[in-house]
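Before any comments, here is the structure.
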Amino acid sequence: MSNAIGIIYANSAPDSLQGLASERPIAAVPFGGRYRILDFALSSMVNSGIRTIGLVTPHHYRPLLDHLGAGKAWFLDRKDGGLFILPGVFHGLARNEHTFCIKDLQNNLEYLHKDFAENVVISSGDQIFNINFKLALQVHSDMQADVTMIYKEMSNSTNLTNEMFFEMTKNHKVSHIDKKGIARGKLVQPYFVNMLIIRRELLIDIIEKYSSIGCTDLIDILTANLGVLKVYGSPTCSLIGTIHTVKDYFDRSMDLLNLEVRGKLLLGEDRIHTKIKDNPPTRYTLQAKVSNSFIASGCTISGEVENSIIFRGVILEEGCQIKNSIILPKCHIHADAQMNYAILDKSVTVNGENVLKGSSDSPLVVLKRTVI
Numbered sequence: 091m092s093n094a095i096g097i098i099y100a101n102s103a104p105d106s107l108q109g110l111a112s113e114r115p116i117a118a119v120p121f122g123g124r125y126r127i128l129d130f131a132l133s134s135m136v137n138s139g140i141r142t143i144g145l146v147t148p149h150h151y152r153p154l155l156d157h158l159g160a161g162k163a164w165f166l167d168r169k170d171g172g173l174f175i176l177p178g179v180f181h182g183l184a185r186n187e188h189t190f191c192i193k194d195l196q197n198n199l200e201y202l203h204k205d206f207a208e209n210v211v212i213s214s215g216d217q218i219f220n221i222n223f224k225l226a227l228q229v230h231s232d233m234q235a236d237v238t239m240i241y242k243e244m245s246n247s248t249n250l251t252n253e254m255f256f257e258m259t260k261n262h263k264v265s266h267i268d269k270k271g272i273a274r275g276k277l278v279q280p281y282f283v284n285m286l287i288i289r290r291e292l293l294i295d296i297i298e299k300y301s302s303i304g305c306t307d308l309i310d311i312l313t314a315n316l317g318v319l320k321v322y323g324s325p326t327c328s329l330i331g332t333i334h335t336v337k338d339y340f341d342r343s344m345d346l347l348n349l350e351v352r353g354k355l356l357l358g359e360d361r362i363h364t365k366i367k368d369n370p371p372t373r374y375t376l377q378a379k380v381s382n383s384f385i386a387s388g389c390t391i392s393g394e395v396e397n398s399i400i401f402r403g404v405i406l407e408e409g410c411q412i413k414n415s416i417i418l419p420k421c422h423i424h425a426d427a428q429m430n431y432a433i434l435d436k437s438v439t440v441n442g443e444n445v446l447k448g449s450s451d452s453p454l455v456v457l458k459r460t461v462i
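The opening position of the sequence shown corresponds to residue 91 in this note's numbering, with each subsequent residue numbered one higher.
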């Protein structure tokens, strides 16, 4: 078992998800047929031996609690440790540009004080990944680091203008951080993947020192103190996809249709855990035509499905055509309806012969419980 506890920031601002995150945080948005985005960060920590995890929640956290329950699906329904809900502060109507706001932890200091683990693993809850933190924890211990920032190397040609790059010395000590900068003249540049390890006592000191001056970002504090703190980098080769926009969500979902991507995320030694639902197997009628699609349990498929992701409990009637689309749970698509590059939120009904069409750059989003 790891000598660390976890904190997941599940209160990311909804940005441009066009209503998919209007009634739920990004972390609670369904993904990949049966998961929620939060499942990936939560499962990665559990698979790394972390058995005490705090979840920083926004004000509309009911969907998170409904999904998580007591944490049984992630082996966190424990007498010692387990899953803790850490209510975050309300950042106002302004867009939240913070990665790890210190103010969110100020009112939850008891979570850090009551545990005697040496380190805290911190991650955002708006990313798709499958990482085992044991390697980074070992680097953190070997270097006797105050902070270890997990990074991935990307070529300068990759479009990552909204990411955070940093520079390191030969022994991987972080010497400079460019917050939301652009790789500067180098063919390959390490960028921060919004995951870090920090000494628990140092984090408590930072919270007590900086929480009185507003919603200060932990990364800003580390940047200002690189000269006095031992901040190191630890690499990862894992697939990582951040969800900020509808296109991000659509593209990362469609990546699952690639067997190699699906294998790395879902079929490796470390599995992604999620809430269990005892649905019957999906029923395919004689009229069903399915190709290159990801279909969950509990569905009835009588129409044509191509390059699409179908969640649990969806009904597709005979004659309907679903292409390049994402259909969330309990939707009902009636006979002869057509859709291409569409995202249907939960419990949407599309009556017969309707045509829904978006594009790969701008998928059409239909909000929850809409009847068309």
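Yeah, the Cβ is synthetic: ideal placement off N, Cα and C, and Gly gets one too.
Nothing here was measured: the structure is a model prediction, and the numbers come from that model.
Quiz item: Which of the three DSSP states, helix, strand or coil, is assigned to valine 484?
Solution: With the chain covering 91 to 462 only, the question about residue 484 has no answer from this structure.
Self-check item: the segment 132 to 140 contacting the segment 204 to 220, beta-carbon criterion three pairs below 8 Å
Solution: Under the 8 Å Cβ criterion, the segment 132 to 140 counts as touching the segment 204 to 220, having at least three qualifying pairs.
Quiz item: Is any heavy atom of the ligand COA found at a distance shorter than 8 Å from the C-beta of isoleucine 97?
Solution: You won't find the ligand COA in this model; it holds no ligand whatsoever.
Quiz prompt | Exposed unless 16 or more other CB atoms sit within 10 angstroms - verdict on lysine 204 | solution = Its Cβ having fewer than 16 others within 10 Å, lysine 204 is exposed.
Quiz prompt | Rounded Cβ spacing between alanine 163 and threonine 364 (contact assumed at less than 8 Å) | solution = Going by Cβ atoms, the distance from alanine 163 to threonine 364 rounds to 6 Å, so yes, they are a contact pair.
Quiz item: Apart from the five residues on each side of it in sequence, which residues of its chain come closer than 6 Å, Cβ to Cβ, to proline 419?
Solution: Once the five neighbours on either side are set aside, the close Cβ partners of proline 419 are Phe401, Arg402, Gly403, Lys436.
Quiz item: Between the Cα of phenylalanine 384 and the Cα atoms of Leu376, Ala378, Ile405, Asn397, which residue gives the shortest distance?
Solution: Answer by Cα proximity: Asn397.
Quiz item: So which of Ile98, Ala427, Pro115, Asn414 has the shortest CA-CA distance to serine 449?
Solution: Shortest Cα-Cα distance from serine 449 to any of Ile98, Ala427, Pro115, Asn414 involves Asn414.
Self-check item: Beta-bridge pairing of cysteine 191 - partner residues as DSSP gives them
Solution: Cysteine 191 is bridged to Asp307.
Practice problem: Could you have a look at methionine 258 and say whether DSSP puts it in helix, strand or coil? | Solution: In this structure, methionine 258 counts as strand in the three-state DSSP scheme.
Quiz item: Between which two residues does the alpha helix (DSSP H) carrying isoleucine 98 extend?
Solution: That residue, isoleucine 98, is in no alpha helix (DSSP H); its beta strand (DSSP E) goes 94 to 99.
Exercise. Inspect the beta-carbon positions of serine 265 and leucine 316 and report whether they are closer than 9 Å.
Key: With respect to leucine 316, serine 265 sits close: the two C-beta atoms are nearer than 9 Å.
Quiz item: Is leucine 145 helix, strand or coil by DSSP?
Solution: Residue state, collapsed to three classes: strand.
Quiz item: Contact check, asparagine 222 vs serine 134 under 8 Å by CB: the rounded distance?
Solution: Between asparagine 222 and serine 134, the beta carbon gap of about 7 Å places them in contact (Cβ cut-off 8 Å).
Exercise. Express the C-alpha separation of glutamate 394 and arginine 126 in angstroms, rounding to a whole number.
Key: Rounded to whole angstroms, the gap between the alpha carbons of arginine 126 and glutamate 394 is 26 Å.
Exercise. Answer with buried or exposed for threonine 251, where buried requires no fewer than 16 other C-beta atoms within 10 angstroms of its C-beta.
Key: Low local confidence applies: a pLDDT of 48 at threonine 251 is under 50, so the model's placement there is unreliable, with the coordinate-based value given in what follows. Around the Cβ of threonine 251, a 10 Å sphere holds fewer than 16 other Cβ atoms; the residue is exposed.
Quiz item: Considering only C-alpha positions, which residue in the set Val179, Val455, Glu407 is nearest to histidine 150?
Solution: Among Val179, Val455, Glu407, the Cα nearest to that of histidine 150 is on Val179.
Self-check item: Euclidean distance between Cα positions of phenylalanine 206 and valine 456
Solution: If I take the Cα positions, the gap works out to 47 Å.
Quiz item: Straight-line CA distance for isoleucine 297 to lysine 193?
Solution: Roughly 8 Å separates the two Cα atoms.
Self-check item: Range of the contiguous alpha helix (DSSP H) that encloses glycine 178
Solution: Bounds of any alpha helix (DSSP H) do not take in glycine 178, whose DSSP letter is neither H nor E.
Quiz item: In terms of alpha-carbon separation, which member of Asp129, Thr460, Lys320 lies closest to isoleucine 362?
Solution: The candidate whose alpha carbon is nearest that of isoleucine 362 is Asp129.
Self-check item: Residue range of the alpha helix (DSSP H) that includes arginine 334
Solution: One detail in the question is off: residue 334 reads as histidine in this sequence, not arginine. No alpha helix (DSSP H) holds histidine 334; DSSP gives it neither H nor E.
Self-check item: isoleucine 412 versus glutamine 428: straight-line alpha-carbon distance, rounded
Solution: Spanning the two alpha carbons is a distance of roughly 6 Å.
Quiz item: Which stretch, first to last residue, makes up the alpha helix (DSSP H) that contains isoleucine 462?
Solution: Boundaries for isoleucine 462: no alpha helix (DSSP H) harbours it, and the DSSP string shows neither H nor E there.
Practice problem: Tell me whether tyrosine 151 sits in a helix, a strand or coil according to DSSP, three-state version. | Solution: Coil, per DSSP.
Exercise. Name the two residues that bound the continuous beta strand (DSSP E) containing glutamate 408.
Key: Glutamate 408 -> no beta strand (DSSP E), and no H or E assigned at all.
Self-check item: Pick from Ile399, Ile391, Ile416 that is closest to glutamate 408, judged by C-alpha positions
Solution: It is Ile391.
Quiz item: Among all the DSSP beta bridges, which residues are the ones paired with histidine 422?
Solution: Beta-bridge pairing links histidine 422 to Ile405, Thr439.
Quiz item: According to DSSP, is arginine 361 helix, strand or coil?
Solution: In the structure shown, arginine 361 sits in coil (DSSP, three-state: anything other than H, G, I, E or B).
Quiz item: When the Cα of serine 102 is compared with those of Arg168, Asp338, Glu291, Gly215, which residue comes out closest?
Solution: Nearest C-alpha to serine 102: Gly215.
Quiz prompt | Inter-residue Cα distance where the pair is leucine 227 and lysine 169 | solution = When rounded, the distance between both Cα atoms is 25 Å.
Exercise. Taking valine 237 as the reference, give the member of Glu253, Met244, Asn284, Asn220 with the closest Cα.
Key: If we check each option's Cα against that of valine 237, Asn284 comes out closest.
Quiz item: isoleucine 116 and threonine 147: beta carbons closer than 9 Å?
Solution: Not in contact: isoleucine 116 and threonine 147 (Cβ atoms no closer than 9 Å).
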